[in-house]
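A.B. asks:
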Amino acid sequence: MSETTTISISDSFFGSIPKNLLSQVDSTLKKLRANREMAGLHVEPIHQAADDRIRSIRVTRQYRILAFELSRAGDPFWLVEGVYDHDDAYRVARSLYLRVNPVSGSTEIRDDAEALRTGEGGGYSESELQRRAAEIAAEQIAEREAREAARREHEEREAEDGSTEATPEAPAPAPTGAGGPVLTVSAQELEEELGIDHALARAAAEADEDQLLELADSAPGWQGKALLDLATGTSLPDVRAAYFTGAGGGTAVGTPSSTEDLVRSMGSDASRATFHLIRDDKALEKILASADFQQWRVFLHPEQQTYVDVNTRGPYRLTGGAGTGKTVVLVHRAVRLARESREQGHTPRIVLTTYTRNLADALGTHVRSLDGDVERTDVLGNPGMHIENVDRIARNLVVGRPGIEGPMEQVLGWGTRRLERMRSGGTAWQTALDEAGADLDEALRSESFLADEYREVVLPHRITDETAYLRVARGGRGTRLGRNQRRAVWKVVARYRENGMRDEQIDWDELSAVAAAVLDARAEETGERPADHVLVDEGQDLRPPQWQMLRALVAEGEDDMFIAEDSHQRIYTNPVRLGRYGIRITGRSRRLKLNYRTTAQNLEFAVRVLDGGDFDLGSMDEETIGAAGGGSFRSARSGPEPLPIHAEDLTDELEKTATQLRTWLDELHEADMDPSAIGLLTRWANTRDLLVRAMAERGLTVANIDRNAERTGAPLAMTFHRAKGMEFSKVLLFEVDAGSVRRPQPGQAYDEQAASIAELQERSLLYVGASRARDELVYTWTKAASPFLHVD
């Protein structure tokens, strides 16, 4: 039976499994696939069940799996719904049933007699939705009455004393996000066009942000996801297309649908966000192999799946805020490309890369978790998936390699047969400035200006003499340069290169530029590039020479480049317009807007940090305007408000941090969660070190994370930079006071644009830190808080 048995896992299933039962659930499902009659399974029908196909399957003496048997004519098919305590399983089964929505054709697991599992995927009952709709209407009536009462009181006071005070603002409603209806579609459209339940449609059409989140969280299956999509600005036709299965035979609420219609519905592509079909033992084992059943490996939102599957005719860019699943899409796409080619009998050359080594290691872990059979290679150009950070790719192409003299001459004006060493750009620029910068204007006597000019203008254009520099266009640079100013700049650039030639050393930007030239030279000789597909994560932090090298890795064509980035997390470099470096994405740029990691409350806090910053610099350039799409950035989850802790002094701040840490550790212990689910984040490395020592003095062990591998068994302390790409259940931002904001030095703020970018990077760092929190966020400070916190 194991060769033909299909198991469908619902998206509510993983969250229902007690952590201490993972191995038993694994064993039970494998037995079910092998033979439902196997001893110990005890597959039993349930008396007085709402759906006569529901079965109880024994996991232990105390726990049962509830599953629907949808087998047909020798074709075994099971939908596993959840794990329950024995008594709860029989109680829930009396109201649980399967229904195909008559409008969308989507399968719904319904529980309409009572809201037995509210907040756990079961949904509101019809009567509860009617009650909620009435509550929302009453709240809105109360708000209108309060405003009217305030207006009348003001008018009466004016009449009595001739007061000319402005009319007082109406009392702010209890926390309700934007304060008015979020959706721009009517209840009738929700019901008739999408198939949203009648009472839910009425309540959702009138709901503000917080109310809508509450409704979506407990709505039946796909209906909650559809409401959140509409709230982020996705059009009604697009939402309809995402969830419509094409299956017919839908039934009314309260009536189970036929087995044939249910199986047809769950087999459609549109059901993949809610149900995952497993048709062989190998696929089952892969899913159950994860100790925590990571849902991102199994269930993708329809929009995410679109970007995994889309075939592109040129580079494609996917943007989105922290927690929207950009990296998830990128990894799934890389694995999809590998699998499809493997099925066709060949192994593609895939490069999966990002900015730092830590993030590259994380990508490798994600790939192994998603599909351990993907062929990997450590050698660029060999068949398989090459996962490495950008600088390491460049280094492997240039350092210690023969045949680089010509490409170096082309880029730098000098070359060597074999380059062995790198140099620090900052120190070298200061030396060149001291030696050859006498003619520079005072405002341009800056290491930062020279390094930016070099990496953004000189290196990408492969300029090797003054004449070429005098003629080159400098679009995008904030500082205008006259002819004499350019000559003065070139003198310093020439000295910088002369010093490098003398020592036979180049910097990291030069390395990427030379690597691009090496790749171009090889392609001219052989007609080949070393990759078939290049996928880039955290693209916002890459510099122009690195983009040139990545472009040189793969020939222009179908599915050549896929880029994931978030301009709000740009913490290392200036904005880059990709079209200038041969990466033309016009018409091929889209944006994810639904946050899956962070609660709505934490997301609001993180986004508020960005208020006041002009993040349009480069993020919405001529390549993306009109393509990224409108709509709001929203969370799919709710939770507690971020907790501010204002301390009297550093000692008080450390004591309060220790108290919070002990509380969290106790909570994690009760939930059987690892203490590394706690992140203690700081702006500065020395602050991190002080925090770790202070916690140790108070009897609390905290792991100090720098470049070393992550450790479990203790909370993790790290800088905002190091936390990039990570997430925690609970996050404490330590010492986010006014002193935690780095003010740009005169040399870094060499013009208005540079000063603005420096401030944006500081905002982005705090945004990165705050957006690491899944569930709880605490932030501490002494004296004056960071100006980006908007604390009174």
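Just so we're aligned, residue 13 is where the sequence shown starts under the numbering used here, counting upward by one.
Note that beta-carbon positions come from the ideal geometry of N, C-alpha and C, so glycine has one too.
#1: Rounded to the nearest angstrom, what separates GLY630 and ARG589 at their Cα positions?
#2: By Cβ distance, which residues of its chain are closer than 8 Å to ARG509, with the 5 residues on each side in sequence left out?
#3: Since THR699 is in the alpha helix (DSSP H), which residue starts that stretch and which ends it?
#4: Between the Cα of LYS736 and those of GLU577, LEU666 and VAL37, spot the shortest distance and give me the residue it belongs to.
#5: What are the complete alpha helix (DSSP H) segments, minimum 4 residues, inside the region 369 to 456?
#6: Does the separation of the CB atoms of ARG67 and HIS98 fall below 8 Å?
#7: Could you tell me if ARG429 is buried or exposed, where buried requires 16 or more neighbouring beta carbons within 10 angstroms of its beta carbon?
#8: Would you mind working out which of ASP701, PRO727 and SER647 sits nearest THR675, comparing C-alpha positions?
#9: Please report the straight-line C-alpha distance between GLU653 and VAL790, rounded to a whole angstrom.
#10: Is GLY605 helix, strand or coil by DSSP?
#11: Who are the Cβ neighbours of ILE518 in its own chain at under 6 Å, not counting the five residues just before and after it?
#12: Assess contact between the region 351 to 363 and the region 536 to 551, defined as three or more Cβ pairs (one per stretch) separated by less than 8 Å. Is contact present?
#13: Can you check whether the CB of SER24 is closer than 8 Å to the CB of GLY94?
#14: If you check the beta carbons only, do PRO687 and LEU693 fall under 8 Å apart?
#15: For HIS313, name the three-state secondary structure that DSSP assigns.
#16: Determine contact between the region 482 to 495 and the region 457 to 471, defined as no fewer than three beta-carbon pairs at a distance below 8 Å.
#17: Using CA coordinates, which residue listed in GLN560, VAL619 and LYS605 is at the minimum distance from TYR779?
#18: Which residue's Cα is closest to the Cα of GLU120: GLY266, ASP64 and ASN370?
#19: Look at the alpha carbon of GLY260 and the alpha carbon of ALA285, and state the distance between them as a whole number of angstroms.
#20: Which same chain residues, not among the five before or five after PHE311, have their C-beta less than 8 Å away from its C-beta?
#21: Taking the Cβ atom as the reference point for each residue, do GLN560 and ALA528 lie within a distance shorter than 8 Å?
#22: Is it buried or exposed, SER35, if we count other Cβ atoms within 10 angstroms and call 16 or more buried?
#23: Pull up the distance between the alpha-carbon of ASP718 and that of ASP123, whole angstroms please.
#24: Apart from the five residues just before and just after ASP701, which ones in its own chain have a Cβ nearer than 8 Å to its Cβ?
#25: At which residues does the beta strand (DSSP E) containing PHE574 begin and terminate?
#26: Whole angstroms are fine: how far does the CA of GLU417 sit from the CA of ARG563?
#27: What residue from ARG492, ASN607 and GLY258 has the CA that sits closest to ARG649's CA?
#28: So with Cβ pairs under 8 Å, would you call THR365 a contact of chain B?
#29: On the premise that TYR328 lies in contact with PHE574, defined as a C-beta separation below 8 Å, what is that separation, rounded to the nearest angstrom?
#30: Run through the region 515 to 546 for me and flag every whole beta strand (DSSP E) of 3 or more residues, listed as ranges in chain order.
#31: Closer than 8 Å is the cut-off here; do at least three beta carbon pairs connect the region 795 to 803 with the region 746 to 753?
#32: Tell me whether HIS54 sits in a helix, a strand or coil according to DSSP, three-state version.
#33: Apart from the five residues just before and just after VAL704, which ones in its own chain have a Cβ nearer than 6 Å to its Cβ?
#34: Can you say whether HIS54 is buried or exposed, counting buried as having 16 or more other CB atoms within 10 angstroms of its CB?
#35: Closest to ALA670 by CA distance: which of MET685, GLU682 and ALA708 is it?
#36: Count the other CB atoms within 10 Å of the CB of GLU355; is the residue buried (16 or more) or exposed (fewer)?
C.D. replies: In short, the structure shows the following:
#1: Residue placement at GLY630 is flagged as unreliable, the pLDDT there being 39, under the threshold of 50; a coordinate-derived value is accordingly withheld.
#2: In chain order, LEU424, GLY425 and TRP426 place their CB closer than 8 Å to the CB of ARG509, counting only its own chain and leaving out the 5 sequence neighbours on each side.
#3: That run of the alpha helix (DSSP H) goes 697 to 709.
#4: Across the set GLU577, LEU666 and VAL37, the C-alpha of GLU577 shows the shortest separation from the C-alpha of LYS736.
#5: Complete alpha helix (DSSP H) runs here, min 4: 369 to 382, 402 to 410, 417 to 424 and 437 to 448.
#6: Between ARG67 and HIS98, the C-beta gap is not smaller than 8 Å, which leaves the two residues out of contact.
#7: Answer is exposed; the Cβ neighbour count stays below 16.
#8: When C-alpha distances from THR675 are compared across ASP701, PRO727 and SER647, the shortest belongs to PRO727.
#9: Looking at the two C-alpha atoms, the distance is approximately 9 Å.
#10: Correcting the residue identity first, residue 605 is Lys in this sequence and not Gly. For LYS605, the three-state secondary structure derived from DSSP is coil.
#11: Excluding residues up to 5 positions away in sequence, GLY512 lie with their Cβ nearer than 6 Å to the Cβ of ILE518 in the same chain.
#12: A contact is defined here as three or more CB-CB pairs under 8 Å, and the region 351 to 363 meets this definition with respect to the region 536 to 551.
#13: In this structure, GLY94 lies near SER24, with their beta-carbon atoms less than 8 Å apart.
#14: Remark: C-beta atoms of PRO687 and LEU693 do not approach each other more closely than 8 Å.
#15: Looking at HIS313 - three-state DSSP - the assignment turns out to be coil, as it is neither helix nor strand.
#16: In this structure the region 482 to 495 lies against the region 457 to 471, because at least three pairs of beta carbons, one per stretch, are closer than 8 Å.
#17: The candidate whose alpha carbon is nearest that of TYR779 is VAL619.
#18: Answer by Cα proximity: GLY266.
#19: In a straight line, the C-alpha of GLY260 is about 19 Å away from that of ALA285.
#20: Excluding residues within five positions, the ones whose Cβ falls inside 8 Å are ASP23, ARG284, ALA285, THR286 and HIS288.
#21: Contact: yes.
#22: Result: exposed.
#23: So the alpha carbons of these two residues sit roughly 49 Å apart.
#24: Take ASP701, set aside five residues on each side of it, and the residues of its chain with a beta-carbon closer than 8 Å to its own are ASN716, in chain order.
#25: In this chain, the beta strand (DSSP E) harbouring PHE574 covers 573 to 577.
#26: Their Cα atoms are separated by approximately 21 Å.
#27: The shortest Cα separation from ARG649 among ARG492, ASN607 and GLY258 belongs to ASN607.
#28: Among the chains of the structure shown, chain B does not appear; only one protein chain is present.
#29: The Cβ separation is near 5 Å, so the contact holds.
#30: Correct list: empty.
#31: For the pair of segments examined, the region 795 to 803 was found to touch the region 746 to 753: the number of CB pairs separated by less than 8 Å reaches three.
#32: Three-state DSSP puts HIS54 in coil, outside helix and strand.
#33: VAL714, ASN716 and ALA729, listed in sequence order.
#34: Classified as exposed, HIS54 has fewer than 16 neighbouring CB atoms from the shown chains inside 10 Å of its CB.
#35: Ranking the options by Cα distance to ALA670, first place goes to ALA708.
#36: Residue environment: GLU355 is assigned as exposed (fewer than 16 neighbouring CB atoms within 10 Å of its CB, all protein chains considered).
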